[in-house]
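Asks: My structure is below; once you've seen it, I'll send some questions.
Structure below.
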């Protein structure tokens, strides 16, 4: 219940997203194990309108991201210009980078 409430709250505070709570078709929380025994938690949101978002917790802030057009995998960029994070995912793997693809969390693997 907490995850659903948190995700719905995020839908209302993410700038540029005009969806209602009933528009969220799929909400999935994924926990990745990364290099250096670090973890990354990501909440993925797919809407009935075909939009996809990811929310990461980085620097003790929830950071919303939107899907980028890429040839393969699902890749996300921050919505806010205050951050330069990108999340590259493919299958069960993910990498979080910032700026000019400087690694933040690398070789992440989900248990889902």
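Numbering (the UniProt record's numbering), first residue to last: 1 to 112.
Using N, Cα and C, we set each Cβ at its ideal position, and we do this for glycine too.
Since the structure is predicted, the reported quantities are computational estimates derived from the model, not experimental observations.
1. Three or more beta-carbon pairs under 8 Å between the segment 28 to 38 and the segment 61 to 76, yes or no?
2. State the Cα-Cα distance for the pair residue 58 and residue 49, rounded to the nearest angstrom.
3. Compute the Euclidean distance between the alpha carbons of residue 71 and residue 52, then round it to the nearest angstrom.
4. Nearest to residue 26 by CA position, among 36, 39, 44, is which residue?
5. Let me know if residue 95 comes out buried or exposed under the rule of 16 or more other beta-carbons within 10 Å of its beta-carbon.
6. Using 10 angstroms around the beta-carbon of residue 87, count the other beta-carbons present and answer buried if the total reaches 16, otherwise exposed.
7. Return the first residue and the last residue of the beta strand (DSSP E) that residue 88 is part of.
8. Let's test the definition: count the other Cβ atoms within 10 Å of the Cβ of residue 39 and tell me whether it reaches 16, buried, or not, exposed.
9. If you compare alpha carbons, which of 36, 106, 90 is closest to residue 97?
10. For residue 53, write down the residues that DSSP places opposite it in a beta bridge.
11. Determine the burial state of residue 75: buried for a count of at least 16 other Cβ atoms within 10 Å of its Cβ, exposed for fewer.
Replies: Taking the coordinates as given:
1. no
2. Answer to the nearest angstrom: the Cα atoms are 27 Å apart.
3. 16 Å
4. 44
5. In this structure residue 95 is buried. Its beta-carbon is surrounded by 16 or more other beta-carbon atoms within 10 angstroms.
6. Its Cβ being crowded by 16 or more others within 10 Å, residue 87 is buried.
7. 86 to 90
8. Per the 10 Å Cβ criterion, exposed.
9. Measuring from the Cα of residue 97, the nearest candidate turns out to be 106.
10. 45, 66
11. buried
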